[in-house]
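Here is the structure we will look at.
There are 4 protein chains.
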Amino acid sequence: MSRRPDPTRRSEQSRQAIVSAAVDLCVEIGYAATTIEAIAARAGVGKQTIYRWWPSKAAVLLEHMTRVRETQIGFPDTGDLRVDLLAQTSAVQGLFASDTGAVWRGLLIAALSDDVAADGVRTLLQAAVVEAKGRLATAQKTGELRADVDLDMVVEIIYGPLYHAWLLTGRPLPEAYMEEVLSSVFDGLRP
Amino acid sequence: MSRRPDPTRRSEQSRQAIVSAAVDLCVEIGYAATTIEAIAARAGVGKQTIYRWWPSKAAVLLEHMTRVRETQIGFPDTGDLRVDLLAQTSAVQGLFASDTGAVWRGLLIAALSDDVAADGVRTLLQAAVVEAKGRLATAQKTGELRADVDLDMVVEIIYGPLYHAWLLTGRPLPEAYMEEVLSSVFDGLRP
Amino acid sequence: MSRRPDPTRRSEQSRQAIVSAAVDLCVEIGYAATTIEAIAARAGVGKQTIYRWWPSKAAVLLEHMTRVRETQIGFPDTGDLRVDLLAQTSAVQGLFASDTGAVWRGLLIAALSDDVAADGVRTLLQAAVVEAKGRLATAQKTGELRADVDLDMVVEIIYGPLYHAWLLTGRPLPEAYMEEVLSSVFDGLRP
Amino acid sequence: MSRRPDPTRRSEQSRQAIVSAAVDLCVEIGYAATTIEAIAARAGVGKQTIYRWWPSKAAVLLEHMTRVRETQIGFPDTGDLRVDLLAQTSAVQGLFASDTGAVWRGLLIAALSDDVAADGVRTLLQAAVVEAKGRLATAQKTGELRADVDLDMVVEIIYGPLYHAWLLTGRPLPEAYMEEVLSSVFDGLRP
DNA sequence: ATCTAATCGAGACGGTACGTCTGGTCTTCAA
DNA sequence: TTGAAGACCAGACGTACCGTCTCGATTAGAT
Numbered sequence: 001m002s003r004r005p006d007p008t009r010r011s012e013q014s015r016q017a018i019v020s021a022a023v024d025l026c027v028e029i030g031y032a033a034t035t036i037e038a039i040a041a042r043a044g045v046g047k048q049t050i051y052r053w054w055p056s057k058a059a060v061l062l063e064h065m066t067r068v069r070e071t072q073i074g075f076p077d078t079g080d081l082r083v084d085l086l087a088q089t090s091a092v093q094g095l096f097a098s099d100t101g102a103v104w105r106g107l108l109i110a111a112l113s114d115d116v117a118a119d120g121v122r123t124l125l126q127a128a129v130v131e132a133k134g135r136l137a138t139a140q141k142t143g144e145l146r147a148d149v150d151l152d153m154v155v156e157i158i159y160g161p162l163y164h165a166w167l168l169t170g171r172p173l174p175e176a177y178m179e180e181v182l183s184s185v186f187d188g189l190r191p
Numbered sequence: 001m002s003r004r005p006d007p008t009r010r011s012e013q014s015r016q017a018i019v020s021a022a023v024d025l026c027v028e029i030g031y032a033a034t035t036i037e038a039i040a041a042r043a044g045v046g047k048q049t050i051y052r053w054w055p056s057k058a059a060v061l062l063e064h065m066t067r068v069r070e071t072q073i074g075f076p077d078t079g080d081l082r083v084d085l086l087a088q089t090s091a092v093q094g095l096f097a098s099d100t101g102a103v104w105r106g107l108l109i110a111a112l113s114d115d116v117a118a119d120g121v122r123t124l125l126q127a128a129v130v131e132a133k134g135r136l137a138t139a140q141k142t143g144e145l146r147a148d149v150d151l152d153m154v155v156e157i158i159y160g161p162l163y164h165a166w167l168l169t170g171r172p173l174p175e176a177y178m179e180e181v182l183s184s185v186f187d188g189l190r191p
Numbered sequence: 001m002s003r004r005p006d007p008t009r010r011s012e013q014s015r016q017a018i019v020s021a022a023v024d025l026c027v028e029i030g031y032a033a034t035t036i037e038a039i040a041a042r043a044g045v046g047k048q049t050i051y052r053w054w055p056s057k058a059a060v061l062l063e064h065m066t067r068v069r070e071t072q073i074g075f076p077d078t079g080d081l082r083v084d085l086l087a088q089t090s091a092v093q094g095l096f097a098s099d100t101g102a103v104w105r106g107l108l109i110a111a112l113s114d115d116v117a118a119d120g121v122r123t124l125l126q127a128a129v130v131e132a133k134g135r136l137a138t139a140q141k142t143g144e145l146r147a148d149v150d151l152d153m154v155v156e157i158i159y160g161p162l163y164h165a166w167l168l169t170g171r172p173l174p175e176a177y178m179e180e181v182l183s184s185v186f187d188g189l190r191p
Numbered sequence: 001m002s003r004r005p006d007p008t009r010r011s012e013q014s015r016q017a018i019v020s021a022a023v024d025l026c027v028e029i030g031y032a033a034t035t036i037e038a039i040a041a042r043a044g045v046g047k048q049t050i051y052r053w054w055p056s057k058a059a060v061l062l063e064h065m066t067r068v069r070e071t072q073i074g075f076p077d078t079g080d081l082r083v084d085l086l087a088q089t090s091a092v093q094g095l096f097a098s099d100t101g102a103v104w105r106g107l108l109i110a111a112l113s114d115d116v117a118a119d120g121v122r123t124l125l126q127a128a129v130v131e132a133k134g135r136l137a138t139a140q141k142t143g144e145l146r147a148d149v150d151l152d153m154v155v156e157i158i159y160g161p162l163y164h165a166w167l168l169t170g171r172p173l174p175e176a177y178m179e180e181v182l183s184s185v186f187d188g189l190r191p
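Protein chains in written order, with UniProt numbering: chain A, 1 to 191; chain B, 1 to 191; chain C, 1 to 191; chain D, 1 to 191.
Quick look at the structure:
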């Protein structure tokens, strides 16, 4: 008997209120305390309206995160790999320090804790990885990058330090952090 | 009225049963599902006995993890930095794939979710970082490592890719993963 | 802004479907489970169509009940009070055992639970009481009934046992139940 | 896995708080609005503590009602049936007007709405009926009451008017109501 | 026969309470 | 006094209906 809801009837206003409330709560009180009830209360919305359109709070936040990724963190191609990497990773570093960082942190917790949520988060992460690998593949063709390295590993070499520092160490990062990382790492990746 | 329990009357048998049960559950059903109640039931112990001696399930697992770290992952110093790094990081990679990996993953989730748990986990992590930095500092003195780099960042460059691949990407790693990473990265770190 | 709907445009088909569905559900699954949503679904009607024309489910059932009362349970006047009372109360006893009994039971529940519904139900009940008192008043004039008794009380003496047995005791009643009651009670009411 | 709770461990304090809260709410806001959540909040108790020991709110109120019946409404036997009936029914009439009346009204609603609740309520009601029938049986032996009448019916003749007036008519009753009823009815019941 | 205004079926909406589940604390009793 | 057992308060979970609202799509009455 459980019908599928009709998306054309959906209230755009509620959708935005819910996503905003979820993001705000995630920033203010953290992912764990961001309950569906709290989101509903903050958004001035019935719980059912959330359950009708999203399977979990992770899915709500994922919608925000997807939007951000699509609009804010594209990958440039100036022809100079190092410049492009620095631009993109610095943007990511900035994002980590912003509100969106709290959301992304929450989603990573969800992915680590819950296999279902992990799917969506990994999809998002893979999209970013694929984009990065695309730029790196170009660089391999132009001879800016060694042709014999596994691109997945290169991506991990570039983003791994940033994620390690942000998620695990938790130390405050200097603004030029990624510049230093690339300085140390880049020579080893050149042909 | 008795605030603190008397450690001399503590049951060593219960202590071990609790830690073992927590570790087993973490491996079998994951950190999130490893509730205090489940641990108590598996260990054949009252919940209060757990709460009396540990503030949270993270603390129980932390006790296991600390013990493992003390006994198993020393940092070698053969005089050849790259050999030592490869040995140690490969051991860590092996650990991630073992039961202890499930526990460590759980603790990292705890650290990300809960500031109190984060303290204990960070302390453990910092101990490893300090040890690594010690070996790297030696290497700087012997001229195997550039003297102008921030050692925290070097640690992140070395371990970041591994953590990224293990925690976030979730892809199956080739046995020689760390060898490839060090191959790609080491030239950039040499003086 | 249109407050009141226009009765001339009302769909008679929907009206009947709603009342029928409500009655059927009341019989089949009981008054409590007869929700507005269930009525709407059974009648193949939008919820709003119910709310537009009735203030509550009690009102829907009340419409059915009123119709039944008007058409089925008139009060006879043969000149012999006891014969008339027996005829009417036996008809009521029969009604209680029929589908309409389930509806009337539901309305009494509504009246007991909700003051607004109580108004309508009491009005209906009072109409029956007034009719009965009319017949009793005639009997007082003809000397069949003591003139010094409160007619409300007499009505309660006559119908009270039936309602008590039907609603509260719930025991299966012999067909001649009201005959026995009147036998026991009538002597006390004669002048 | 659902264990049955251990009654010896039960908190008497919570039990009383819950029953009191339920009764108070029933009096103040009516049976329908007396939700489990409201009872729990008023009693300063977790909802689970209610669900652990009672299957429904009706059961909570039933516990109160049973206690009242046991302690307050015994049936006298002075040797004069009419005096005894008047004493007992007047006490019941008084009860209907008191706080306990609101509770009893709620329980009757529950019994009418829900078959499970009906069991408990009918049991309580039957206990009262049995007691009354006992007194009436004695009266039959002493020749105060016709021997050929069904005692269940006699009980209904006596209490039916009162319940009808209280529950259904809802009119304010004169203090001497039961005296009048018995006056009108008693002659018909005498041998 | 056409237009137009309303009622219609449908169902999304903000809410309340449900009955269940789990978390961390408090209480009881045996050893 | 400890430890095992489990009842306690608290509150989030996901569901069912509430009564209101907004949609096209009939549909009946006036043009």
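For each residue, glycine too, the CB sits at the ideal point set by N, CA and C.
No experiment lies behind these values; they were computed from the predicted model shown.
For a contact meaning CB atoms closer than 9 Å, what does isoleucine 109 of chain C contact in chain D?
-> Taking the third sequence and counting its residues from 1, the one referred to as residue 109 of chain C is at position 109. Simply Ile109, Leu112 and Ser113.
Give the DSSP-derived three-state secondary structure of alanine 175 of chain C in the structure shown.
-> Taking the third sequence and counting its residues from 1, the one referred to as residue 175 of chain C is at position 175. What sits at residue 175 of chain C in the sequence shown is glutamate, not alanine. Here glutamate 175 of chain C sits in coil by DSSP.
Within 7 Å, strictly: CB atoms of valine 45 of chain A and tryptophan 54 of chain A = Within the first sequence, residue 45 of chain A is the residue found at index 45, counting from 1. Within the first sequence, residue 54 of chain A is the residue found at index 54, counting from 1. Result no, Cβ atoms of valine 45 of chain A and tryptophan 54 of chain A do not sit closer than 7 Å.
What residues in the stretch 135-160 of chain B have a beta carbon less than 9 Å from any beta carbon of chain A?
-> Arg146, Val149, Asp150, Asp152, Met153, Val154, Val155, Glu156, Ile157, Ile158, Tyr159 and Gly160
Give me the Cα-Cα distance between serine 20 of chain A and alanine 21 of chain C, rounded to the nearest whole angstrom.
-> What you label residue 20 of chain A is simply residue 20 of the first sequence in a count that begins at 1. What you label residue 21 of chain C is simply residue 21 of the third sequence in a count that begins at 1. Looking at the two C-alpha atoms, the distance is approximately 43 Å.
Between arginine 10 of chain C and cysteine 26 of chain D, what straight-line distance do the alpha-carbon atoms span, to the nearest angstrom?
-> Residue mapping note: residue 10 of chain C aligns to position 10 of the third sequence, counting from 1. Residue mapping note: residue 26 of chain D aligns to position 26 of the fourth sequence, counting from 1. The straight-line gap from Cα to Cα measures roughly 41 Å.
Option nearest tryptophan 104 of chain D by Cα separation, candidates D/Gly30, D/Leu189 and D/Ile157 | The residue you call residue 104 of chain D lines up with position 104 of the fourth sequence. It is D/Gly30.
Measure the alpha-carbon distance for glycine 101 of chain B versus valine 23 of chain B and round it to whole angstroms.
-> Here residue 101 of chain B is taken as the residue at index 101 of the second sequence, counted from 1. Here residue 23 of chain B is taken as the residue at index 23 of the second sequence, counted from 1. The alpha-carbon atoms of glycine 101 of chain B and valine 23 of chain B are separated by roughly 10 Å.
Alanine 32 of chain C - containing alpha helix (DSSP H), residue span | Position 32 of the third sequence, counting from 1, holds the residue named residue 32 of chain C. Neither: alanine 32 of chain C is in no alpha helix (DSSP H) and is coded neither H nor E.
Glutamine 13 of chain A: buried (16+ other C-beta within 10 angstroms of its C-beta) or exposed?
-> Counted from its first residue, the first sequence places residue 13 of chain A at position 13. Flag for glutamine 13 of chain A reads exposed.
Where does proline 76 of chain A fall in DSSP's three states?
-> In the first sequence, the residue the question calls residue 76 of chain A occupies position 76. The answer is coil: DSSP assigns proline 76 of chain A none of H, G, I, E or B.
Under a Cβ-count criterion, where at least 16 other Cβ atoms within 10 Å of its own Cβ denotes burial, should serine 98 of chain A be classed as buried or exposed?
-> Here residue 98 of chain A refers to the residue found at position 98 of the first sequence. Per the 10 Å Cβ criterion, exposed.
May I ask you to list, following chain order, the residues of the stretch 163-181 of chain A that have a beta carbon less than 8 Å from some beta carbon of chain B?
-> Tyr163, His164, Ala165, Leu167, Leu168, Thr169, Gly170, Arg171, Tyr177, Glu180 and Val181
Nearest neighbour of threonine 142 of chain D, chosen from D/Pro191, D/Ala127, D/Phe96 and D/Gly160 [CA to CA] | The sequence position of residue 142 of chain D within the fourth sequence is 142, counting from 1. The shortest Cα separation from threonine 142 of chain D among D/Pro191, D/Ala127, D/Phe96 and D/Gly160 belongs to D/Pro191.
Min CB distance valine 185 of chain A to chain B below 7 Å | Here residue 185 of chain A refers to the residue found at position 185 of the first sequence. Interface residue, yes.
Rounded to a whole number of angstroms, what is the C-alpha to C-alpha distance between glycine 74 of chain A and tyrosine 51 of chain A?
-> Stepping through the first sequence from its first residue, residue 74 of chain A is reached at position 74. Stepping through the first sequence from its first residue, residue 51 of chain A is reached at position 51. Distance between the alpha carbons of glycine 74 of chain A and tyrosine 51 of chain A: 31 Å.
Step through the CB atoms of chain B and report whether any lies within less than 7 Å of the CB of glycine 188 of chain A.
-> Along the first sequence, one-based indexing puts residue 188 of chain A at 188. Yes, because at least one Cβ of chain B sits closer than 7 Å to the Cβ of glycine 188 of chain A.
Label valine 130 of chain B either buried or exposed according to how many other C-beta atoms from any shown protein chain fall within 10 Å of its C-beta, with 16 as the threshold for buried.
-> Within the second sequence, the letter at position 130 stands for residue 130 of chain B. Note on valine 130 of chain B: under 16 other CB atoms within 10 angstroms of its CB, so exposed under the neighbour-count rule.
Pairing CB atoms from the stretch 135-150 of chain B with CB atoms from the stretch 179-187 of chain B, are three or more of them under 8 Å?
-> The stretch 135-150 of chain B makes no contact with the stretch 179-187 of chain B, as fewer than three CB pairs between them are under 8 Å.
Can you tell which of C/Leu189, C/Gly134 and C/Pro172 has its C-alpha closest to the C-alpha of leucine 145 of chain C?
-> In the third sequence, counting from the first residue as 1, residue 145 of chain C sits at position 145. That would be C/Leu189, whose Cα lies nearest to the Cα of leucine 145 of chain C.
Taking the alpha-carbon positions, what's the methionine 178 of chain D to leucine 162 of chain D distance?
-> On the fourth sequence, position 178 is the one that residue 178 of chain D refers to. On the fourth sequence, position 162 is the one that residue 162 of chain D refers to. Methionine 178 of chain D and leucine 162 of chain D: Cα-Cα distance of roughly 7 Å.
Contact between the stretch 110-117 of chain C and the stretch 150-168 of chain C (3+ Cβ pairs under 8 Å) = no
Would you call the CB atoms of glycine 120 of chain A and leucine 62 of chain A closer than 7 Å?
-> For this step, residue 120 of chain A is matched to residue 120 along the first sequence. For this step, residue 62 of chain A is matched to residue 62 along the first sequence. Yes.
Since arginine 69 of chain A and glycine 170 of chain B are thought to touch, with beta carbons under 8 Å apart, how far apart are those beta carbons, to the nearest angstrom?
-> Translated into positions along the first sequence, residue 69 of chain A becomes position 69. Translated into positions along the second sequence, residue 170 of chain B becomes position 170. At roughly 19 Å, the Cβ-Cβ gap does not stay under 8 Å, so arginine 69 of chain A and glycine 170 of chain B are not in contact.
In whole angstroms, what separates the C-alpha of lysine 133 of chain A from that of proline 174 of chain B?
-> As a first step, residue 133 of chain A is located in the first sequence; it is residue number 133 there, counting from the start. As a first step, residue 174 of chain B is located in the second sequence; it is residue number 174 there, counting from the start. Straight-line Cα distance between these residues: approximately 19 Å.
Would you kindly work out how many angstroms separate the C-alpha atoms of leucine 95 of chain B and histidine 64 of chain B, rounded to a whole number?
-> For the purposes of this step, residue 95 of chain B is taken as residue 95 along the second sequence, with counting starting at 1. For the purposes of this step, residue 64 of chain B is taken as residue 64 along the second sequence, with counting starting at 1. When rounded, the distance between both Cα atoms is 14 Å.
Identify, in the order they occur along the chain, each residue of the same chain with its Cβ nearer than 8 Å to the Cβ of aspartate 77 of chain D, setting aside the five sequence neighbours on each side.
-> Within the fourth sequence, numbered from 1, the residue matching residue 77 of chain D stands at position 77. Asp84, Arg135 and Thr138.
Is aspartate 187 of chain C closer than 7 Å to aspartate 187 of chain D when the C-beta atoms are compared?
-> The residue you call residue 187 of chain D lines up with position 187 of the fourth sequence. The residue you call residue 187 of chain C lines up with position 187 of the third sequence. Against a cut-off of 7 Å, the Cβ pair of aspartate 187 of chain C and aspartate 187 of chain D comes out as a contact.
Beta-carbon of alanine 32 of chain A versus every beta-carbon of chain B: anything under 7 Å?
-> As a position in the first sequence, residue 32 of chain A is number 32, starting the count at 1. So, interface residue.
For glutamine 72 of chain D, count neighbouring C-beta atoms within 10 Å of its own C-beta (all shown protein chains included) and say buried if the count is 16 or more, exposed if not.
-> In the fourth sequence, counting from the first residue as 1, residue 72 of chain D sits at position 72. By the neighbour-count criterion, in which a residue is buried when 16 or more other Cβ atoms sit within 10 angstroms of its Cβ, glutamine 72 of chain D is exposed.
Closer than 7 Å at the beta carbon, the chain D residues around arginine 105 of chain C | Against the third sequence, residue 105 of chain C aligns to sequence position 105. Result: Leu112.
Inter-residue Cα distance where the pair is arginine 42 of chain C and threonine 49 of chain C | Mapped onto the third sequence, residue 42 of chain C falls at position 42. Mapped onto the third sequence, residue 49 of chain C falls at position 49. Each residue's Cα considered, the two are about 13 Å apart.
In the structure shown, what three-state DSSP assignment does aspartate 187 of chain D receive?
-> Position 187 of the fourth sequence, counted from the start, is the residue given in the question as residue 187 of chain D. It is helical.
What number of angstroms, rounded off, separates the C-alpha of glycine 106 of chain D from the C-alpha of valine 154 of chain D?
-> As a first step, residue 106 of chain D is located in the fourth sequence; it is residue number 106 there, counting from the start. As a first step, residue 154 of chain D is located in the fourth sequence; it is residue number 154 there, counting from the start. Between glycine 106 of chain D and valine 154 of chain D, the C-alpha separation is close to 25 Å.
List the residues of chain A that leucine 125 of chain B touches, going by C-beta distances under 8 Å, in chain order.
-> Along the second sequence, one-based indexing puts residue 125 of chain B at 125. Those within 8 Å of leucine 125 of chain B in chain A are Leu168 and Thr169.
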